[in-house]
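Below is one structure; the comments refer to it alone.
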Amino acid sequence: MLNNQYWYTAKGNNSDTVLSTRIRFARNLKGYPFPQVLDTAQKKQLCEEVKNALFASSAFADFQYIEMEQLNDVEAVSLLERHLISFEFAGNRAGKALILSPDESVSIMLCEEDHIRIQVIKSGLDFEQTYAAADNIDNLLDESLAYAFDERLGYLTACPTNLGTGMRASVMLHLPSLQESGAMQRISAGLAKIGLTIRGFYGESSEPEGCIYQLSNQVTLGLSEKSAIDNLRNISVQIIEQEREARAGYIKNELIEDKIWRSYAMLKYARLLSNTEFMKYLSNVRLGAASGILPNLQPEQLSELMIKNQPAMLISASKRNISPRECDILRAAEVRKAFAIEN
Amino acid sequence: MLCDICKQNEATNHYKKIVNDKISEAHLCNECAKTHGLPSPLTGLSFDFGNLLSGFFDLPQLGNPQSKAELPKCPACSTDFAQIAKTGRVGCAQCYDVFDEQLLPSIRRIHGDTMHLGKLPKSAGKQARVKAELISLKEELQEAIRVQEFEKAAELRDKINGLEGGAENA
Chain A
1 MLNNQYWYTA
11 KGNNSDTVLS
21 TRIRFARNLK
31 GYPFPQVLDT
41 AQKKQLCEEV
51 KNALFASSAF
61 ADFQYIEMEQ
71 LNDVEAVSLL
81 ERHLISFEFA
91 GNRAGKALIL
101 SPDESVSIML
111 CEEDHIRIQV
121 IKSGLDFEQT
131 YAAADNIDNL
141 LDESLAYAFD
151 ERLGYLTACP
161 TNLGTGMRAS
171 VMLHLPSLQE
181 SGAMQRISAG
191 LAKIGLTIRG
201 FYGESSEPEG
211 CIYQLSNQVT
221 LGLSEKSAID
231 NLRNISVQII
241 EQEREARAGY
251 IKNELIEDKI
261 WRSYAMLKYA
271 RLLSNTEFMK
281 YLSNVRLGAA
291 SGILPNLQPE
301 QLSELMIKNQ
311 PAMLISASKR
321 NISPRECDIL
331 RAAEVRKAFA
341 IEN
Chain B
344 MLCDICKQNE
354 ATNHYKKIVN
364 DKISEAHLCN
374 ECAKTHGLPS
384 PLTGLSFDFG
394 NLLSGFFDLP
404 QLGNPQSKAE
414 LPKCPACSTD
424 FAQIAKTGRV
434 GCAQCYDVFD
444 EQLLPSIRRI
454 HGDTMHLGKL
464 PKSAGKQARV
474 KAELISLKEE
484 LQEAIRVQEF
494 EKAAELRDKI
504 NGLEGGAENA
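Protein chains in written order, with this note's numbering: chain A, 1 to 343; chain B, 344 to 513.
As structure tokens, this is what we get:
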């Protein structure tokens, strides 16, 4: 057991369907234009100001300060694969910085789309603790920094989609049975009408790899944090219930049971596993673990396996530059090893 | 599967574009993805998601004889509205004042309501705080009346009256 429980190694609530809960606040400082208008030197100056304000508080003493341009592509993408930073932040790193808590539950991106993006991610379905932690960090920063704010528009953000609370709350859900039943399009269309949105594994415009979806609030202005979270929680619970209902019927089907066992065999014996293939089989195995078909496996073990075998995480752990083919060999070996111990 | 472009390396990046139900696919190796500026998990992460949002804004009328130099700019960051419409992002906090008229219809389309509710930073000042608390108390009052918790409703009403008195004196 690790001393530091990361979101993907900890056992969370409702892990049969929920991987993680996340809260993100977008904040900007008064007196600086937004990052897209700043040059690299100005970005560095801003990062420095936030860094000094933040590390003056003892609450952040054991946090890590990472200058993003010091990282190589693999290190940056491995942060993205752990869902600690955004796609955009991993790509264009000049002048940007990341502040990370030891258990990686808090990640603060500096000079992403906004000056400050506070993110808290926790295992399972847990809006209370996740919100409380994000709120606390936000209050600590508010003590020593002056946020850009307008009474009518709320926290001022680079993109008007984040105005108001600047808060995006989201849950990462595993929804294989709803996807298989073709219900996702209907659900997605319904959600848009109530100010929520659902998208793939890595957020904006990504495909739902491994039947993993992110459900989040879309409306941030005119709706308090509490109302937005209540709304999201209610709908999450409904979707989770629908997935469970669909599963109950689904797993009785021998074709599905066969698919789960075949996927398990693939992961247990394959010598080459591409990420797409891995994600597909892992989704089936996760369904088997959550529904008792594969009794020796727990869904949360599979979250850990999933994250640790993403491409950059694998390359990073191997500590050398490896080809895509070698990466697939390594992934297959890691997965075989994990399953040999579990069963 | 070999890369669609060089036909030599293994394609490890797979793209699918769906436009009005028309699906087009591309399979590229890391090198070709990079040279073509496409997003890949390990190379050239340069995809600009801002473009996806720009559809939200009403661009200034095309064919308008007004030249680019004449477009009003934000005095604080020199961003003009054409840039905002193109990127889906404003340049600075002051842009919201300068381009209020142009931005407001889009903001309404995204959020519906345009009056902030929720957390306030300490810089917001006491008056804004009281106002925010009043809104939230009034919501609680409505809810208490709806579920017929009249004792709680009376308490809330007293609190509201107290705050409203205080706000007037402030």
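We treat Cβ as the ideally placed atom computed from N, Cα and C, and that holds for glycine.
Do you know how far the Cα of A/Pro-299 is from the Cα of A/Glu-11? Looking at the sequence provided, one finds Lys at residue 11 of chain A rather than Glu. The alpha-carbon atoms of A/Lys-11 and A/Pro-299 are separated by roughly 9 angstroms.
Please confirm if A/Pro-324 has its CB atom under 8 angstroms from at least one CB of chain B. yes
Excluding five sequence neighbours on each side, which residues of the same chain lie with their C-beta closer than 7 angstroms to the C-beta of A/Thr-157? Ala-26, Asn-28, Asp-114, Leu-163, Gly-166
Other residues of its chain near B/Glu-498: CB distance less than 7 angstroms, five sequence neighbours each side excluded: none
Range of the contiguous alpha helix (DSSP H) that encloses B/Thr-430: 424–430
By a C-beta neighbour count over all protein chains shown, 10 Å radius and 16 as the cutoff for buried, is A/Ala-94 buried or exposed? exposed
Just checking, does the region 61–69 of chain A make contact with the region 179–193 of chain A on the three C-beta pairs under 8 angstroms criterion? no
Nearest-angstrom Cβ-Cβ length linking A/Val-18 and A/Leu-125, presumed shorter than 8 angstroms: Confirmed, Cβ separation roughly 4 angstroms.
Spatial neighbours of A/Gln-310 in its chain, beta-carbon cut-off 6 angstroms, leaving aside the 5 residues before and after: Once the five neighbours on either side are set aside, the close Cβ partners of A/Gln-310 are Glu-81.
Note down, in chain order, every chain B residue with its Cβ under 7 angstroms from the Cβ of A/Asn-28. Ala-436
Counting Cβ pairs, one atom from each stretch, are 3 or more of them under 8 angstroms apart for the region 188–196 of chain A and the region 489–507 of chain B? Verdict: no, contact absent.
So, does the CB of B/Val-473 fall closer than 8 angstroms to a CB anywhere in chain A? It does not: the Cβ of B/Val-473 has no partner Cβ on chain A nearer than 8 angstroms.
Under 8 angstroms between beta-carbons, which chain B residues line up against A/Thr-220? List them in chain order, please. The CB of A/Thr-220 comes closer than 8 angstroms to the CB of His-454 in chain B, given here in chain order.
Does the beta carbon of A/Asn-3 come closer than 8 angstroms to any beta carbon on chain B? Confidence at A/Asn-3 is low in this model, with a pLDDT of 47, below 50, so the placement of that residue should be treated as unreliable; the coordinate-derived value is given next. A/Asn-3 does not count as touching chain B.
May I ask which residues mark the beginning and end of the beta strand (DSSP E) holding A/Leu-19? It spans 18–27 - the beta strand (DSSP E) in which A/Leu-19 sits, taken as one unbroken run.
At a CB-CB cut-off below 7 angstroms, which residues of chain A make contact with B/Pro-464? Asp-142, Tyr-147, Phe-149
Chain A beta carbons: is any one of them nearer than 8 angstroms to that of B/Gly-508? Chain A, which has no Cβ nearer than 8 angstroms to the Cβ of B/Gly-508, makes this no.
So with CB distances below 7 angstroms, who are the chain B contacts of A/Glu-225? Gly-461, Lys-462
Got a sec? Which residues, its chain only, sit under 8 angstroms from A/Thr-220 by beta carbon, not counting five neighbours each side? Gly-154, Thr-161, Asn-162, Leu-163, Gly-164, Thr-165, Gly-166, Met-167, Arg-168, Ala-228
For A/Cys-278, count neighbouring Cβ atoms within 10 angstroms of its own Cβ and tell me buried if that reaches 16, exposed if not. The question names Cys, but residue 278 of chain A in the sequence shown is Phe. The residue in question, A/Phe-278, is buried, as its Cβ has 16 or more Cβ neighbours within 10 Å.
Please list, in chain order, the chain B residues whose beta carbon lies closer than 7 angstroms to that of A/Val-37. The contacting residues are Cys-420, Thr-422, Gly-434, Cys-435.
In the region 96–130 of chain A, which residues sit with their C-beta less than 9 angstroms from some C-beta in chain B, listed in chain order? Glu-113
Consider the Cβ of A/Ala-189: report whether some Cβ of chain B lies at a distance smaller than 8 angstroms. By this cut-off, A/Ala-189 is not an interface position.
C-beta atoms of B/Glu-476 and B/Leu-446 nearer than 8 angstroms: no
Could you please tell me which residues of the region 147–180 of chain A, in chain order, have their CB closer than 7 angstroms to any CB of chain B? Going along the region 147–180 of chain A in chain order, one finds Tyr-147, Ala-148, Phe-149, Asp-150, Glu-151, Arg-152, Leu-153, Gly-154, Leu-156, Ala-158, Cys-159, Pro-160, Thr-161, Leu-163, Gly-164, Thr-165 with a Cβ nearer than 7 angstroms to chain B.
DSSP state of A/Glu-67 mapped onto helix, strand, coil: strand
Let me know the secondary structure DSSP gives A/Lys-193 once reduced to three states. Helix.
A/Arg-320 burial status per 10 Å Cβ neighbour count (16 or more: buried): exposed
Any beta carbon from chain A within less than 8 angstroms of B/Ile-450's own beta carbon? yes
Inter-residue Cα distance where the pair is A/Glu-118 and B/Asn-373: Looking at the sequence provided, one finds Ile at residue 118 of chain A rather than Glu. Roughly 32 angstroms between the two C-alpha positions.
Which same chain residues end up closer than 8 angstroms to A/Ile-329 when comparing Cβ atoms and leaving out the 5 residues on each side of it in sequence? Arg-271, Leu-272
Is the shortest distance between the beta-carbon of B/Ala-369 and the beta-carbons of chain A less than 8 angstroms? no
Are there 16 or more other CB atoms within 10 angstroms of the CB of B/Lys-481, so buried, or fewer, so exposed? Its Cβ having fewer than 16 others within 10 Å, B/Lys-481 is exposed.
Compare the C-beta of A/Pro-208 against all C-beta atoms of chain B and say whether one is closer than 8 angstroms. no
Could you please give me the residues that DSSP links to A/Gln-122 through a beta bridge? First, the residue type needs correcting, since residue 122 of chain A is Lys and not Gln in the sequence shown. A/Thr-21.
Could I get the ranges of all uninterrupted alpha helix (DSSP H) runs contained in the region 436–490 of chain B, with 4 residues as the minimum, in chain order? 438–441, 443–454, 468–489
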